[in-house]
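Chains as they are written, first to last, in full-length UniProt numbering: chain A, 1 to 366; chain B, 1 to 366; chain C, 1 to 366; chain D, 1 to 366. Every residue gets a Cβ at the ideal spot worked out from N, C-alpha and C, and that includes glycine. Treat the numbers as computed from the prediction; the structure is a model and nothing was measured. Everything on this sheet refers to the single structure shown next.
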């Protein structure tokens with residue numbers, strides 16, 4: 001690997017001191033395709049060494065080569081040595097900054113919500129719809145760009161939901177109705193995020209904006225690209241979102257109804273469809289699906305009736321797969337099941353990175 | 001109060017050292033109608049003073065007059081000084097013991113699941129269907145009893161669900177379909193119950209038998225008594241039950257569809273129907289609805305979008321009301337909302353006690 | 001009570017929306033001596049109704065008569081209808097504001113740390129050294145005041161420590177050395193306070209300034225008033241403070257060595273000395289020691305070796321007593337034991353209120 | 001690795017389904033020196049495949065080659081293909097079973113407490129006193145064995161304590177007095193272990209037998225081997241042990257006094273002595289100190305005043321080092337500091353394995 005390191009894509013991280021930014025740095029350590037060259041965070045961190053500016057919250061150490069990197073301001077002209085940008089910016093500043101960066105001909109992969117629903121910006125869950133990257137040339141034409149572009153990944157809870165939905169639609173046709181109740185972890189709110197006095201011995205039955213994201217984003221992600229445009233799915237999603245006292249890992253209790261009742265599978269066929277689902281990233285053998293020789297599946301199916309559980313299962317396949325269990329018939333819908341994903345890995349930084357890995361294989365990144 | 005104490009009904013507690021038994025003892029302290037005379041628990045506690053046998057887990061002290069009561073065995077002939085029995089027995093022993101007690105002409109109010117679905121045993125949620133007590137004479141006829149009978153209360157999660165369902169049916173007609181996902185507290189599993197290594201930083205997506213109880217019991221509770229028989233409701237319930245790291249208080253995310261779409265209320269009418277719902281116990285002014293001059297409502301409606309929360313709201317009206325919040329339209333059902341109840345008060349011992357209070361007012365207990 | 005309410009002392013609360021301010025409001029509901037007339041918090045809350053401005057975090061409801069009180073600014077001339085002020089202000093603003101209030105001839109009881117070590121300000125733990133109130137005339141002389149004064153209560157962890165120390169010194173003479181390691185709850189840090197990501201599945205081995213407070217305040221509290229001056233105790237305290245994942249209740253593992261080894265008690269005498277310790281507030285029968293006819297002891301001694309525990313024991317005597325358990329000999333010191341107190345009741349607002357109750361009985365407040 | 005695998009020592013695990021047994025299996029996956037060949041647990045698991053018998057609680061998967069191993073009974077004649085045994089047995093059965101195994105000429109490394117204080121059994125903390133292995137020939141002589149022997153590791157809390165104590169004694173001479181207050185995690189109690197209702201929002205101020213172990217074992221571990229006998233240290237330890245709501249990682253607040261006050265170091269020298277301490281295992285370059293090219297130190301010193309923290313720091317050096325922070329002067333002792341160790345890795349299974357690695361290098365295991 002070391003001899004190819006000179007050929008790694010130089011990347012920059014925006015929002016590098018935040019929860020998502022820390023995950024970008026952790027997940028990119030020893031990455032064969034990408035090498036962190038520059039970091040930026042808020043103006044008050046500018047000029048500080050990363051290890052002095054960050055309140056590092058992960059249980060692995062800050063990589064040695066990152067500790068002393070000096071934080072820059074979020075200006076595209078400060079990132080000239082980079083070709084690709086991962087953005088973990090907060091949504092209150094992401095909109096304009098990300099625009100500046102992709103218009104400066106940088107490849108931008110963003111975790112922020114701001115541009116997700118834009119008609120020329122791919123909203124890619126890497127285990128689901130990397131075919132949406134094909135809208136990139138349209139975006140470049142619109143903004144008159146040679147190589148720069150912006151790709152977003154989905155909200156964390158949406159990401160966990162759409163993977164099994166996609167797998168089921170591939171095998172059994174359109175899903176018409178989805179009811180989902182989430183139990184989301186505290187890391188989803190960033191840092192300082194949820195005060196301990198609010199969540200300790202408690203559940204908070206509301207997460208601002210989250211239900212809307214689940215309902216809207218799902219429709220774009222499960223839709224198609226046709227005639228150089230996104231064509232949203234007509235799936236109807238009704239979501240209820242709760243915050244629970246779990247560190248990492250969002251659970252989602254999902255009920256689904258298919259459109260075509262004539263093809264309804266039995267439970268065993270449903271499980272097979274989930275377990276055997278393959279995504280483009282996997283076929284392209286991108287790094288996140290090959291790391292440490294894991295035998296990668298986008299979906300891991302559990303037979304035990306008390307699984308998946310956040311603490312035991314969130315790290316399966318390094319947090320890049322979705323776990324599905326409790327698959328059973330439903331009296332009101334066709335089927336119901338429980339989903340788990342690691343919300344700050346697959347649900348955030350990991351998605352951006354895998355999207356970039358796919359874009360690299362497909363030639364959009366170089 | 002003291003001068004009327006000679007007229008209190010003498011009661012016995014079965015399963016007195018367990019989680020539910022402890023709540024019976026706590027809630028009956030200074031009760032104007034009932035006075036604990038005898039306690040029984042498992043054979044290994046027999047003969048011990050209560051305070052030596054129990055692993056007391058409540059933050060109020062063991063009442064002085066209870067501490068030195070000597071635990072008896074669960075035999076009816078040991079409870080001759082009692083007229084009424086509250087049973088907090090585990091379901092693996094409750095069936096036969098409770099039978100022995102009500103056949104010995106004792107008034108038995110049980111929290112165990114064993115007899116709940118029996119065709120002559122009332123399954124009463126005191127805020128919902130105390131009219132089911134009217135089946136008592138049929139039960140007495142069947143077993144050839146003069147005064148003894150058995151009344152059960154519902155599973156804790158069922159109890160929280162049926163109160164708002166009943167309120168809505170009274171105002172807007174039959175509910176056809178209910179989808180419910182629960183987030184249930186650890187005290188629901190008794191003691192020692194859930195190992196800390198299982199629930200800490202975790203969710204367990206399964207509670208054995210709980211989903212079935214929610215689906216079956218709801219139908220009996222919301223049904224009628226006709227021609228001396230229970231006539232179950234045809235409501236369809238689909239339930240998913242999770243255990244979360246909360247001490248007390250079950251939350252339930254509920255979606256409902258009414259049968260008659262012509263009468264569908266607007267949100268404001270729906271809230272009024274919930275807030276203004278009155279139950280028989282309340283009209284009869286039983287003690288649990290009058291305690292400390294509370295202004296009792298079966299249902300407390302929250303307008304804030306992040307309420308109810310277990311830690312802040314489980315104790316409203318001394319844990320004897322159900323809290324409902326996040327009332328809103330649903331794209332797949334008609335409406336959705338979030339319910340909270342105190343699972344070991346209204347959801348267990350408190351229900352038995354309020355059922356007994358109503359039975360006293362109605363003359364079944366004397 | 002209602003007919004005497006005209007004779008209650010009208011009081012104001014500073015910092016009314018904070019954690020300590022909320023406790024003041026909760027504990028003063030239905031208080032026979034004091035009646036809340038005015039509230040103030042930070043400038044951004046000024047002019048708002050209390051229930052709109054506060055993020056209420058207690059499980060009892062906001063008292064009805066408080067909900068609609070309009071928040072004032074922290075100016076003494078806004079509090080003319082009050083005679084007594086309870087201050088729950090943050091230490092970054094308390095210093096000057098409290099000065100303004102007591103110089104405006106108001107009786108000020110403060111929970112802030114700013115004036116605690118001042119040579120004319122009593123630092124009173126109400127179960128320990130209410131005799132220090134006798135310095136009030138000196139303070140009034142210094143500032144040329146007719147009736148106004150400032151009294152502070154101690155840091156929460158200090159409060160828990162000094163109660164058993166005082167009891168032991170009364171019976172067995174001076175304590176020379178104290179080693180204390182604390183396990184402090186999250187509510188001690190106020191709101192939003194400790195981020196959940198910091199304390200969940202964790203211990204934080206440091207609380208800024210806390211160890212110094214324990215070491216310094218203890219010496220003043222256990223000292224005497226002589227010749228119109230405070231004479232500090234020469235006790236040496238070495239403290240280590242940790243934050244743990246507990247909502248309310250500070251635990252302290254304490255080792256002590258007496259100066260005079262000739263009088264060393266046996267364990268049984270030590271327990272008696274703690275259990276039978278009486279304080280002035282108790283002898284004066286102030287309200288907090290009489291409430292609901294509790295049989296008040298400043299110290300509750302536990303014989304079980306796994307008690308006291310925060311969740312089970314923090315509310316003993318409405319959170320106004322200190323619990324002590326695990327009393328045993330120590331190989332390095334003379335004895336060791338474990339202390340528990342409710343940090344936001346006895347450890348904060350409750351202390352201020354009991355100090356005011358004593359000052360009322362002694363005629364400083366009128 | 002694969003071609004050398006024939007040369008690995010075949011090992012068996014006793015108590016393989018328990019908390020410690022699971023860690024043995026996890027830590028031995030891909031170990032270059034040892035290969036698991038046989039497993040045993042309680043009689044009710046005998047004959048079952050491991051993955052069917054175990055309630056696996058770790059977030060890494062059960063190694064593939066272990067899943068289908070059939071559990072044996074704890075009889076030495078069932079372990080003939082093994083040369084070395086790791087015992088994670090409960091203390092109520094360990095005594096006799098371990099005796100049978102080492103008398104059957106097997107190398108036994110035990111985590112159980114039963115034989116720790118025996119005059120011919122090494123009680124080895126691998127970062128401290130592997131020189132105690134030199135008593136093995138005496139043990140073999142006593143029991144008339146050719147190669148079999150028994151080596152124990154220490155209690156988890158003791159293990160964390162003795163590492164910095166040893167480092168300090170090496171540099172500054174004998175330590176006379178140690179006061180230690182622990183905050184221990186729930187995994188230390190095994191599974192099911194601590195009921196969630198006991199520890200949630202709580203601290204338990206007592207762990208049965210733990211304080212005695214800290215006081216007694218420390219003295220043996222810090223002692224010497226002289227004239228073929230253990231000579232205990234005269235160090236005096238006073239311990240207070242608490243259980244806190246943390247999954248993994250014991251914290252210990254420690255105060256120490258040296259015997260010879262003339263050599264008292266300054267804080268900076270103290271830190272250096274801890275940071276630079278080297279143990280025999282490290283000099284012998286055993287696998288646990290070389291894994292993944294970590295730069296192993298027995299002690300990691302933290303300068304930040306809010307570290308070490310269990311969640312962030314327990315996994316440093318794969319859980320095989322001790323973290324020390326908050327190093328400062330003490331008014332009552334010479335110095336105080338806070339220690340953290342991973343209680344189920346270095347504090348249990350990891351110690352046994354590292355002891356075996358050292359014994360292998362020294363020729364006792366072959």
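Tell me which residue opens and which closes the alpha helix (DSSP H) that residue i is part of.
i	result
residue 11 (chain C)	First-last for residue 11 (chain C): 9-14, but that is the beta strand (DSSP E), not the alpha helix (DSSP H).
residue 101 (chain B)	91-103
residue 17 (chain A)	Note, residue 17 (chain A): premise wrong, no alpha helix (DSSP H); not H, not E.
residue 52 (chain B)	50-53
Residue i by DSSP, collapsed to three states: which one?
i	result
residue 348 (chain D)	helix
residue 4 (chain C)	At residue 4 (chain C), the pLDDT of 44 sits below 50, so the modelled position is not reliable; the number obtained from the coordinates is stated separately. Here residue 4 (chain C) sits in helix by DSSP.
residue 129 (chain D)	coil
residue 75 (chain D)	coil
residue 188 (chain B)	helix
residue 257 (chain D)	strand
residue 43 (chain B)	helix
residue 164 (chain B)	helix
residue 63 (chain A)	coil
residue 218 (chain D)	helix
residue 316 (chain D)	helix
residue 333 (chain D)	coil
residue 179 (chain D)	strand
Pick from the options: whose alpha carbon is nearest that of residue i?
i	options	result
residue 145 (chain C)	C:108, C:103, C:366, C:185	C:103
residue 57 (chain A)	A:211, A:314, A:205, A:20	A:20
residue 160 (chain D)	D:314, D:359, D:260	D:314
residue 341 (chain A)	A:108, A:182, A:65	A:182
residue 155 (chain C)	C:22, C:167, C:217	C:217
residue 229 (chain A)	A:139, A:265, A:299	A:139
residue 322 (chain C)	C:300, C:336, C:335	C:300
Can you tell me where the beta strand (DSSP E) holding residue i begins and where it ends?
i	result
residue 311 (chain A)	Premise fails: residue 311 (chain A) lies in the alpha helix (DSSP H), 310-313, not in any beta strand (DSSP E).
Q | Where the segment 293-311 of chain C meets chain D: residues whose CB sits under 8 Å from a CB there | A | Taking 8 Å as the cut-off between beta carbons, the residues of the segment 293-311 of chain C near chain D are 305, 306, 307, 308, 309, 310, 311, in sequence order.
Q: With 9 Å as the limit, tell me which residues of the segment 191-220 of chain C have their beta carbon closer than that to any beta carbon of chain A; keep them in chain order.
A: From the segment 191-220 of chain C, only 191, 192, 193, 194, 195, 196, 197, 198, 199, 200, 201 have a Cβ closer than 9 Å to chain A.
Q | Against chain D: residues of the segment 46-63 of chain A by CB proximity under 9 Å | A | With the criterion set as a beta carbon lying under 9 Å from some beta carbon of chain D, the members of the segment 46-63 of chain A are 56, 57, 58, 59, 60, 61, in sequence order.
Q | Near-chain C residues of the segment 159-186 of chain D (beta-carbon distance less than 7 Å), N- to C-terminal order | A | Here the close residues are 177, 179, 181, 183.
Q | Segment contact, 8 Å Cβ cut-off, at least three pairs: the segment 273-287 of chain D with the segment 173-181 of chain C | A | As far as the Cβ criterion goes, the segment 273-287 of chain D does not touch the segment 173-181 of chain C, which means the pair count is below three.
**Q.** Residues in the UniProt domain "Semialdehyde dehydrogenase NAD-binding" (10-136) of chain C having any Cβ partner in chain B nearer than 9 Å
**A.** Flagged, chain order: 56, 57, 58, 59, 60, 61.
Q | Contact set between the segment 265-280 of chain D and chain B, restricted to residues whose Cβ is under 7 Å from the partner | A | If you check each beta-carbon in the segment 265-280 of chain D against every beta-carbon of chain B, none falls closer than 7 Å.
Q: Determine which residues of the segment 241-264 of chain D have a Cβ less than 7 Å from any Cβ of chain C, and write them out in chain order.
A: If you check each beta-carbon in the segment 241-264 of chain D against every beta-carbon of chain C, the ones closer than 7 Å belong to 242, 244, 245, 246, 247, 251, 253, 255.
Q: Select from the segment 328-351 of chain D all residues with a C-beta closer than 8 Å to any C-beta belonging to chain A, and list them in chain order.
A: Listed in sequence order: no entries.
Q: Could you tell me whether the segment 347-365 of chain A touches the segment 40-56 of chain B, using the rule of 3 or more Cβ pairs below 8 Å?
A: Result no; under three Cβ-Cβ pairs closer than 8 Å.
Q) the segment 314-327 of chain D: which residues have C-beta closer than 7 Å to a C-beta of chain C, in chain order? A) With the criterion set as a beta carbon lying under 7 Å from some beta carbon of chain C, the members of the segment 314-327 of chain D are 325, 326, in sequence order.
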